[in-house]
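Student: According to this note's numbering, the residues represented by the sequence shown are 1234 to 1462, in order. A virtual CB, placed ideally from N, CA and C, is assigned to each residue, including glycine. None of the values given here were measured: they were computed from a predicted structure.
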Amino acid sequence: MIHVERHRTDRIGWLRAAVLGANDGIVSTASLVVGVAAAETSRTSILLAGVAGLVAGAMSMAAGEYVSVSSQSDTENADLAREREELATVPEAELQELAAIYVDRGLEESLAMQVAEQLTAHDALGAHARDELGISEFTTARPTQAALTSAATFAIGAALPLAATFLSPVPRIPIVVSVLSLGFLALLGGISARAGGAPIGNAVTRVTFWGAIAMLATAGIGYLFGVAV
1234 MIHVERHRTD RIGWLRAAVL GANDGIVSTA SLVVGVAAAE TSRTSILLAG
1284 VAGLVAGAMS MAAGEYVSVS SQSDTENADL AREREELATV PEAELQELAA
1334 IYVDRGLEES LAMQVAEQLT AHDALGAHAR DELGISEFTT ARPTQAALTS
1384 AATFAIGAAL PLAATFLSPV PRIPIVVSVL SLGFLALLGG ISARAGGAPI
1434 GNAVTRVTFW GAIAMLATAG IGYLFGVAV
């Protein structure tokens, strides 16, 4: 019977973008709503600020993720192009380099050379990408995926405090949105930790702590200046 192991490294790209987007959507929108509600008594104005924050934030997340991940992708492609050229011009040196990597990892020199030769014969560029550059199918940059995931999850996260704002009595908006948003953040932290195989308690504590700090800061600004922020 073949022993099959399930790993979570293939989730790194989309999980990072999803968690970042949803977390930012909840925190930034809830903070904006709480800050505005602390200085403004009109539900329409509070909701308008929140919706504007949702749209602007989703677009900003998409653009930011696309640009940053595209930069990573450009670097990866440049490194792969250089490796491809070196494999074509100095194949023996590249073979020695690959074998040296395996020696550093604990293989005997003769075995390391055999492994390097067989992997080079099978897929030379793939072997160097994986073992020399650290690029694999699980970690390679995917700009479009990251941008769309971040924008969608930001919008979903932002919709939660907006729904709480719509359903809450106006005088209670700051406290209701704050409490529910911290609950949403705790749930998000638990789900993301479980999906990634990380300790749930640490993730929940981390995300709720910084979310509370952000909302306290914006509420303080709203109360202090008495203007929409």
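With three or more beta-carbon pairs closer than 8 Å as the criterion, would you say the segment 1378 to 1397 touches the segment 1252 to 1260?
Tutor: Touching, per the Cβ criterion.
Student: Here's the rule: buried if 16 or more other CB atoms are within 10 angstroms of the residue's CB, otherwise exposed. What is H1361?
Tutor: H1361 is buried by the Cβ-count criterion.
Student: Does the structure place the segment 1259 to 1276 close enough to the segment 1344 to 1358 that three or more beta carbon pairs sit under 8 Å?
Tutor: No: fewer than three Cβ pairs fall under 8 Å.
Student: Nearest CA to the CA of G1283: which residue from G1434, P1407, G1416, W1443?
Tutor: Considering only alpha carbons, the answer is P1407.
Student: Mapping DSSP to helix, strand and coil, what is S1401?
Tutor: In the structure shown, S1401 sits in coil (DSSP, three-state: anything other than H, G, I, E or B).
Student: In or out: G1444 buried (at least 16 other Cβ within 10 Å) or exposed?
Tutor: Answer is buried; the Cβ neighbour count reaches 16.
Student: Within 10 Å of its beta-carbon, does F1442 have 16 or more other beta-carbons around it, so buried, or fewer, so exposed?
Tutor: So F1442 ends up on the exposed side.
Student: Look up P1432 in the DSSP assignment and say whether it is helix, strand or coil.
Tutor: Coil, per DSSP.
Student: Buried or exposed: where does V1403 fall if 16 or more other Cβ atoms within 10 Å of its Cβ makes it buried?
Tutor: Label assigned to V1403: exposed.
Student: Using a Cβ-Cβ cut-off of 8 Å (strictly less than) and excluding sequence neighbours within five positions of R1239, which residues of its own chain qualify?
Tutor: Bear in mind that a pLDDT of 49 at R1239, under 50, signals an unreliable position, so the number given afterwards is only what the model happens to contain. Once the five neighbours on either side are set aside, R1239 has no close Cβ partner at all.
Student: According to DSSP, is R1315 part of a helix, a strand, or is it coil?
Tutor: Residue state, collapsed to three classes: helix.
Student: Between the segment 1407 to 1422 and the segment 1389 to 1397, do three or more beta carbon pairs fall short of 8 Å?
Tutor: Flag = yes, the segment 1407 to 1422 and the segment 1389 to 1397 touch.
Student: So the alpha helix (DSSP H) R1363 belongs to, where does it begin and stop?
Tutor: Per DSSP, R1363 belongs to the alpha helix (DSSP H) from 1342 to 1364.
Student: Assign Y1456 to one of two classes, buried (16 or more other C-beta atoms within 10 Å of its C-beta) or exposed (fewer than that).
Tutor: Exposed, since its Cβ has fewer than 16 Cβ neighbours within 10 Å.
Student: Could you compute how far the alpha carbon of A1332 sits from the alpha carbon of E1342?
Tutor: Between A1332 and E1342, the C-alpha separation is close to 7 Å.
Student: Can you grab the Cα-Cα spacing for the pair V1288 / A1296, in whole Å?
Tutor: Approximately 12 Å, taken between the alpha carbons.
Student: My understanding is that E1330 touches E1365, with C-beta atoms under 8 Å, so please give their C-beta distance in whole angstroms.
Tutor: Their Cβ separation, rounded to whole angstroms, is 7 Å, which keeps E1330 and E1365 in contact under 8 Å.
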